[in-house]
Amino acid sequence: MSDVESAILSALSSGADATIPDSFAFATTSKIDHNSIVGTCKSLQADAYVSVAEHSTQFYTLGKEAANIVQDGSQEIRVLNALIAAGEAGLAMPELQSAVGKDVCKIGMGNCLKNKWAKKDKASGKLTAAVSEAPKDEVKEQLTTLKDAPEGENTKVLDDKAYTALKRRKLISLVTRKFYTIGRGPSYAPQRVKKAADLTHEMLTSGKWKTTQFKEYNFQTLGESVGGGYLHPLLKVRAEFRKILMEMGFEEMPTNKWVESSFWNFDSLFQPQSHPARDAHDTFFIKEPAATASVPEDYYERVKSMHEIGGSGSIGYRTVFERQEAMKNLLRTHTTAVSSQMLYKLANREGGFKPARYFSIDRVFRNESMDATHLCEFHQVEGLVADYNLSLGDLIGTIETFFRKIGITQLRFKPAFNPYTEPSMEVFGYHPDLKKWTEIGNSGMFRPEMLAPM
Amino acid sequence: MPTVGVSRDALFAHLGRTYTDHEFDELAFEFGVELDEITSERKEATKSATVKLSKEQLSQLSDEVIYKIDVPANRYDLLCIEGISRSLKIFLGDMDAPTYKVLEKPSDEAISQMTVIKSNTDTIRPYVVSAILRDVTFDEARYQSFIELQDQLHRNLCRQRTLVAIGTHDLDEVKGPFTYDARPPKDINFVPLTHTDEGREFDGAALMEHYETEAACKHLKPYVPIIKDSPLYPVVLDSEETVLSLPPIINGSKSRITLNTKNVFIECTATDLTKANIVLDTVVAMFSEYAAVPFSVEPVTVNYVNEAKEVVNSYVTPQMYTRKETASVKFVNSLIGIDVDPEPMATLCNKVQLGPARILPGNDDEEGPIIEVTVPATRSDILHAVDIAEDIGIAHGYNNITKTVPQTCTVGREQPLNQLGDLLREEIGRGGYVEVLTHGLCSTHDNFTALKRPITAAVSLSNPANVEYEVVRTTLLPGLLKCLQHNKSMSFAGGFKLFEISDVVIPDGEHVVTETIVGARNVRKVCATYSGPTSGFEVIHGLVDRIMTLCEVAPQAD
Chain A
153 MSDVESAILS ALSSGADATI PDSFAFATTS KIDHNSIVGT CKSLQADAYV SVAEHSTQFY
213 TLGKEAANIV QDGSQEIRVL NALIAAGEAG LAMPELQSAV GKDVCKIGMG NCLKNKWAKK
273 DKASGKLTAA VSEAPKDEVK EQLTTLKDAP EGENTKVLDD KAYTALKRRK LISLVTRKFY
333 TIGRGPSYAP QRVKKAADLT HEMLTSGKWK TTQFKEYNFQ TLGESVGGGY LHPLLKVRAE
393 FRKILMEMGF EEMPTNKWVE SSFWNFDSLF QPQSHPARDA HDTFFIKEPA ATASVPEDYY
453 ERVKSMHEIG GSGSIGYRTV FERQEAMKNL LRTHTTAVSS QMLYKLANRE GGFKPARYFS
513 IDRVFRNESM DATHLCEFHQ VEGLVADYNL SLGDLIGTIE TFFRKIGITQ LRFKPAFNPY
573 TEPSMEVFGY HPDLKKWTEI GNSGMFRPEM LAPM
Chain B
245 MPTVGVSRDA LFAHLGRTYT DHEFDELAFE FGVELDEITS ERKEATKSAT VKLSKEQLSQ
305 LSDEVIYKID VPANRYDLLC IEGISRSLKI FLGDMDAPTY KVLEKPSDEA ISQMTVIKSN
365 TDTIRPYVVS AILRDVTFDE ARYQSFIELQ DQLHRNLCRQ RTLVAIGTHD LDEVKGPFTY
425 DARPPKDINF VPLTHTDEGR EFDGAALMEH YETEAACKHL KPYVPIIKDS PLYPVVLDSE
485 ETVLSLPPII NGSKSRITLN TKNVFIECTA TDLTKANIVL DTVVAMFSEY AAVPFSVEPV
545 TVNYVNEAKE VVNSYVTPQM YTRKETASVK FVNSLIGIDV DPEPMATLCN KVQLGPARIL
605 PGNDDEEGPI IEVTVPATRS DILHAVDIAE DIGIAHGYNN ITKTVPQTCT VGREQPLNQL
665 GDLLREEIGR GGYVEVLTHG LCSTHDNFTA LKRPITAAVS LSNPANVEYE VVRTTLLPGL
725 LKCLQHNKSM SFAGGFKLFE ISDVVIPDGE HVVTETIVGA RNVRKVCATY SGPTSGFEVI
785 HGLVDRIMTL CEVAPQAD
C-alpha cells in the first residue's frame, strides 16, 4: 500500500463518521501533492474504500504585473507623479521613459491620458500633468485588498466593476479549483488489500487461491483483440457476388488480360471509331507494345464491313474504318472486351452455338480525374446470357434475381444508351437508408451489328 | 453523357405544363433522360472552386432555377431546350412530330449557291453543307440556345470540331453566292468575331498566333492545331470576298448573328460528310421552329469544281434525311417481352417521333404483320430494327414489361486460376496476413530502381495520368512496400504482415488469346511481406512452406 493511500486511510480511521473535509487543505498540511491525493482517492473509491464528494471553488490570482503594482504603485500614478514633478515644462517621451522605465511609461501614459490626468501637446509632443496632485492609487489599493484577502476567498471583496477593469488589464485571472470531501466507503478498512486480477498457475499449485481475493469481472469494457489476418473488403464483396452468380448458373470468364486491342475493346462491340470514349482523355493507350500484332482476319473484315456499310438489317455508321485505329493497344476500359471474345468463341465453337451464361468480376482502367470516390482502376461486375428468343423481360428478370440475392428488392428500369446494346436500361434500386433511388447498374441487349459479324 | 442546362420556367413554358421537381424527375425517367441537378446561376458560382466572386457580384447573378438534364449520347435532337421540350410534348401526346419541309426552291436562287474549290479544300477539310432559315425571330433566350446547341454539337458529334464545324451567319450582312475555298494563311484577311467590339483585322497566320498566345482567347486555343500547320486554311467567303468564317476556328465579325437577325445562313464544313449532314439537319430541325413558316428551310446547292472550273460533284442540302424503316411486329414484341397488337403499336410510335407508322401485311404467316415507321431527320440514331423496338418499348414503358427468366438451364463454373487464388487467400489470411489491393499501374522507379533491380521490359502507357502511373507493374512488391510506407504509425512490435494475390503484366510477343496477339500477358502472383523488430526471414519462409504444403508440392533436394 502506498504512502498516500495510508495517509488517507489513516486520516479516516478515527471513527465511522470520520471525514477529510477539504482535500486541498489536507494536501497542504500533509505536504502531499493534491493531484496525487485526488488520483489515489479515485482508486480507493473504485474499490469502495472511500466515498468522495466533489466541490469547486473560485478565486483570483495576481499576475506578475499585479505584484509589481502592489509593490511600486500603478503605472499611471507613477507617470503622473513624474509629470507633476516636472511641473509646467512637462516631459518629452524619452525623458519620461528614462524616468519611470519604458514598460511603465507605455502603459502608464496611456491610462493617464485616458483618465485626463495628463495632456499631450500636439506640436511639441510633450506631456504635462493636468492635475496638480495625484489622486488615490485605486488600482494599487484594489490589488492589495485582493492579495491580502484570506486564501481562496477574494471573489467578493471588490465591486464587480473593479473586477472587470482589472481582468481587462490582465492583472488578475479567475481560477477554478476542484477539491473533495472524503469519507469512509462501504468497504472501508484502515489498510488496503489488493485484489487479484486473474487466477494464475502459481496460485493453483501453491494453494494461495484459497485465500486470495479476486476483482470483479468488468463487462462494461471490450475484451482483448482477436488478432489474426484480414481479407480485403472489396475482395470479400467480389467473393460474395461470384458465389451468387455461380448459384444462378453463370460460368466465369477468363479475364486475366489487362492489355487489350482496340479491336476487341471497341470495334467488335460496334463502338464507332469516332466515339469520344476512345479519346486519350478517357482511355489509357499503350506506348510499348503500341499495336496489336494480329487479330482473326476473317472476323476483322466482317466487323469492318458492318461499321462502314452495315448489313443484317442495319445501315451501319457509314464512315471509314481505319485499321490503325483498331490495332491500337490499350488498357481495357471494360470487361465487355472479354465478353465479346467469349461470344465470338461461342459462335464459332465446334458443334455450333450453345446457350450460355457468363460472368466476370475484374479490374478495368479509365483515364478519369481521381477524387475521393474515383480512381483510375476499379472493378466491374459483368454478366451476360446468350440464348434463343431472349427479351428485355428476361433481362429484367435476371437482373431482379441477382439483386434480390444481395438484398435489393425494389428496382426500376430507365431507358439508356450504350453504343453496343439496344435496347439499353439503367438499373435503379431504392436505398432504404438514404431513402432515394440510386443508379446501381447498366444493361442491355447486344446489338445485332455486334453479334452478326461473329 | 452530354448535359444540357435549361431554365426550368422556360422549359415549362415550352411544354405548356408545369411540374414539381419530383414529377419532372419521374417524367424524365420514363422518357429516358435524367434530371441530374437543380441549380441556378448564383448557386453554380457559389459552388465554383476556381472563380471566387464577391458578395456583390454574386447578388447580381440570377436566381432563376436551372435544370441540368443528362441526355443519351446518341440523341442529337435533345441537346437544346427546343429539342427536349419538343420530344417531351410528342411523348406526352401534346403534339404530333413536325414534318420538316425543305422548300422546293429557295426564294433567291442566285445567292443560294456554294461553290467548293475542291483541289484546295481536299487538302485540309473536304466537305461543306449549307442551309438558309428565312424570317426567323430571335430573342435573348433563343439566341443563347442557338449558340449553346452549336457548342454541344461541337463537343460531342463533331469531336471537338475536328470532324465538323458549324458556322452561322446573318444572311443580310453578306452577299451570296458563296464560296468554300482553302487559301494560304497570309491571303486571308478579316475581322474575326470577338467578345469585345475591337474591330481589329488579322490575316490567317497572325490570327492563329493571336489565339495561341492571348489569355482572353484561350477557349479557342485547342482548335488551332487542327489547321495551323496546313499550307492552306479553309475559308468561307461571299461574292465580295468577305470572309464569313475560318473553319473550324472562328466566324467573321461582319456576318455575326444578332438579336435583329432575320435570315440565317448556316454552313458546316467537315472531314466526315455523313456527320456534316446530321449536324446541319439537327441545327435546322431545332431552330426552324422560329421561322415565319415553322419547320421550313431553304435549300442551298453545293457545287464542287475542279481546277478547270468544271462541276465534278453537286448536291442540295439540307437533306433533312427522312426514311421509312420496318420491323416485324412479332420481333418487336419478342425482343421487348411485351404483347402489343399491331394497331396500338403503330399509335405508340407517334410518342417517340417514329410516326406516322402503319401496319403492312407480312411476307408470310410466319413473320406476321410488319410495322413501317417514319424515321425523321432528328433520329439519326435509328440504325436497325432493334432501335425501333427499343423506342416502342420506351413508349410502352419499361416498368410495364412483364418480368420473365430465360428458360435454358446452365451450370455455373469458376475459372481454375481464380479458384486457386481464393483458396490461398483464405489460408494466408488465416495465417495472420492482412490482404491488400494495390494499383496495377506504378512508376518505372518504383517497379525497378527502388527494388534495386535493373530496368527491363514493361508495358508502358503513352498517356499516363502522371509519372506515378506510367507502367503496368511486373511485380507486386512495390504495392506492398508502399502500403508499409503509408502505415508507419501502425505497431510493428508483434510483426506486421501483408499479402496480395493479383495480376502483373509481362510483355510477350507470342502469347495468343482469341486468335489475337496484343504483345503482353497477365501473370497471377502471390506476394507477402513481414515487418517487425527483426527482418524475420524465417516467417516468410514459413509462409512459403505453408503454401507449398497446401498445393501439395514437396521440397526437393537440389
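Going down the list, the sequences are from chains A and B.
Just remember that this note's numbering sits 152 ahead of the position in the first sequence, which is counted from 1.
Just remember that this note's numbering sits 244 ahead of the position in the second sequence, which is counted from 1.
Yeah, the Cβ is synthetic: ideal placement off N, Cα and C, and Gly gets one too.
Predicted model, so just to flag it, every value in this text is computed and none were measured.
By a beta-carbon distance limit of 8 Å, Arg768 (chain B) contacts Leu661 (chain B). Their separation comes to about 6 Å. Interface residue (Cβ-Cβ distance to chain A less than 8 Å): Lys741 (chain B) is classified as such. A direct Cα-Cα distance of roughly 29 Å separates Tyr559 (chain B) from Asp431 (chain B). One thing to note: Val716 (chain B) has its Cβ within 8 Å of the Cβ of Ala702 (chain B).
Annotated three-state conformation of Thr573 (chain A) is strand, per DSSP. Just so you know, the alpha carbons of Met522 (chain A) and Thr316 (chain A) end up roughly 56 Å apart. Contact between Gly581 (chain A) and Phe555 (chain A) is confirmed by a C-beta separation of about 6 Å, below the 8 Å threshold. Pro421 (chain B) is not a Cβ neighbour of Thr550 (chain A), given a cutoff of 8 Å. Approximately 7 Å separates the beta-carbon atoms of Thr365 (chain B) and Asp425 (chain B); this is inside 8 Å, confirming the contact.
Boundaries of the beta strand (DSSP E) around Phe740 (chain B): Phe740 to Pro751. The C-beta distance from Leu295 (chain A) to Leu214 (chain A) rounds to 6 Å, short enough to meet the 8 Å contact threshold. Residue burial annotation: Arg674 (chain B) is exposed, with fewer than 16 other C-beta atoms found within 10 angstroms of its C-beta.
Against chain A, the beta carbon of Arg674 (chain B) has neighbours under 8 Å at Gly380 and Gly381, listed in chain order. At a cut-off of 8 Å between beta-carbon atoms, Ser543 (chain A) makes contact with chain B. Secondary structure of Gln729 (chain B) (DSSP, three-state): helix. Contact between the segment 453 to 467 of chain B and the segment 333 to 345 of chain B is absent, with fewer than three C-beta pairs closer than 8 Å. Of the residues assessed, Lys360 (chain A) falls on the exposed side of the cut-off, its CB having fewer than 16 other CB atoms within 10 angstroms. Distance check between Thr444 (chain A) and each of B:Asp802, B:Thr760, B:Asp321 and B:Gly641 places B:Thr760 closest, using alpha-carbon atoms only.
For the pair Leu488 (chain B) and Tyr477 (chain B), the CB atoms are not nearer than the 8 Å cut-off.
Around the C-beta of Ser491 (chain A), 16 or more other C-beta atoms lie within 10 Å, and the residue is accordingly described as buried.
Using a Cβ-Cβ cut-off of 8 Å, Ala391 (chain A) counts as an interface residue toward chain B, since at least one Cβ of chain B sits closer than that to its own.
Residue environment for Arg697 (chain B): exposed (fewer than 16 other C-beta atoms within 10 angstroms of its C-beta).
Val576 (chain B) has its alpha-carbon roughly 12 Å from the corresponding atom of Glu616 (chain B). Every alpha helix (DSSP H) stretch that sits fully inside the segment 515 to 597 of chain B and reaches 4 residues is listed by chain position as 517 to 531, 573 to 580 and 586 to 595. Bounds of the beta strand (DSSP E) holding Arg602 (chain B) are Arg602 to Leu604. Between the alpha carbons of Lys347 (chain A) and Leu323 (chain A) lies a gap of roughly 51 Å. Glu460 (chain A) and Phe418 (chain A) have their alpha carbons spaced roughly 15 Å apart. Per DSSP, Tyr774 (chain B) lies in no alpha helix (DSSP H); the unbroken beta strand (DSSP E) holding it starts and ends at Ala764 to Ser775.
A distance below 8 Å between beta-carbons, with the five flanking residues on each side excluded, links Thr333 (chain A) to the following residues of its chain, in chain order: Thr171, Ile172, Pro173, Asp174, Ser175, Val204, Ala205 and His207. Counting the other Cβ atoms within 10 Å of the Cβ of Ile391 (chain B) gives fewer than 16, which makes it exposed. The beta carbons of Val546 (chain B) and Thr561 (chain B) sit closer together than 8 Å. Bounds of the alpha helix (DSSP H) holding Thr553 (chain A) are Leu544 to Lys557. Counting only residues of its own chain and dropping the five nearest sequence neighbours on each side, Asp583 (chain B) has a CB closer than 7 Å to the CB of Asn577. The secondary-structure analysis by DSSP pairs Arg261 (chain B) with nothing; it has no beta-bridge partner.
Glu384 (chain B) and Gly249 (chain B) have their C-alpha atoms roughly 16 Å apart. The DSSP-derived three-state label of Val408 (chain B) is strand.
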